[in-house]
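Residue numbers (the numbering used here): 178 to 422.
Where is the CB? At the ideal position from N, CA and C, for every residue including glycine.
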Ligand SMILES: [Zn+2]
C-alpha cells in the first residue's frame, strides 16, 4: 500500500518536473525568439547608414521597386524565396544587375514551427547564391525561428537576419502614413522590413527614401551596413519595444 503510494508520489513529482522543464523551455523559446538573441539585427547606431529590405520576392512588383530605388540612388536587400526565384528569374537578374543584394527567405514560405526538423534543415540550407562568398543571410518566414533554425543555421554557415523597423505594408494604411510611422522608429543602423508584393510598397518606399534623405540617412545593402549580432541588452530592448506596440 505505502509502496504504491510512494511510486505514485514519484510519478507525480516526475510529471511536475517534466511539466516545469517544458514550460521553461517554451518560455525561453518565446522570449528568445521575440528578443532575437543570437540573430543579426541593426547595425552600429553612430553612422548615417540604414538598410531597406524586401521579403517575399522577386515578383511582378520588383521592377517598380527598382525604379524607385534608382530614382533615389538607394541600394537595398531582397530576401527571396525559392518558388519566387524559379518563377521570376528575370526579375532576380534585374535586381542583381542594378547592384542590389539578395539573400534567402526560405525554400518554402512556411513558419519554422510548422516544419519538422528534417524539413527545417532543407529550409535553412537553401540559398540563392550558395556558390558565392558569404555572409549568407537567412531571414525566416514571419521572423519565426526555432532552436532547430539556430542550430542548423550555425552548422550550414547561415546568419539569421532580423529587423528593427517594420514598414507594415501588409496593412491597409496609406503610403504616406505608413512611411511616417516607419520613419518615427528609424535610427542610424536600422534594418527596415518591407515586402516585394503589396501594391502600396513602391509609393511607401518613395516617401520613406525621401524622409531618410531629409535626415541625412543613406539606404545601403545589408553587407554595406553591416548588421550586428543581437546581444543580451539589445534583445531586452527588442522585447520591451515589441510589447509596447
Ligand atoms: Zn515573408
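Asked, Found
"Can you determine whether any heavy atom of ligand 1 sits closer than 7 Å to the C-beta of residue 119, and answer yes or no?", "Because residue 119 is not part of the residues shown, which for the chain are 178 to 422, the question remains open."
"Using 8 Å as the limit for Cβ to Cβ distance, is residue 371 near chain D?", "Given the protein chain composition of this structure (a single chain), no chain D is represented."
"What residues in its chain sit with their C-beta under 6 Å from that of residue 353, if we drop five residues either side in the sequence?", "384"
"So, using beta-carbon positions, are residue 404 and residue 224 closer together than 8 Å?", "no"
"With a threshold of 8 Å, are at least 3 pairs of Cβ atoms found where one atom belongs to the segment 325–341 and the other to the segment 185–202?", "no"
"In terms of residue numbering, what span does the alpha helix (DSSP H) encompassing residue 429 cover?", "Because the chain in this structure spans residues 178 to 422, residue 429 falls outside the shown range and cannot be described."
"Our contact map puts residue 373 next to residue 242 with C-beta atoms below 8 Å; I'd like the distance itself, whole angstroms only.", "6 Å"
"Entirely within the segment 260–320 and at least 3 residues each: give me those beta strand (DSSP E) ranges in chain order.", "278–281, 313–315"
"Can you tell me whether residue 304 sits near ligand 2, meaning its C-beta is under 7 Å from at least one heavy atom of the ligand?", "Among the ligands in the structure shown, ligand 2 does not appear; only ligand 1 can be found there."
"Candidates 369, 416, 391: which alpha carbon is nearest residue 228's?", "369"
"Is DSSP giving residue 322 helix, strand or coil here?", "coil"
"In the DSSP assignment, what are the bridge partners of residue 336?", "314"
"Taking just the CA atoms, how far does residue 298 sit from residue 254?", "24 Å"
"Can you tell me whether residue 383 is helix, strand or coil according to DSSP?", "helix"
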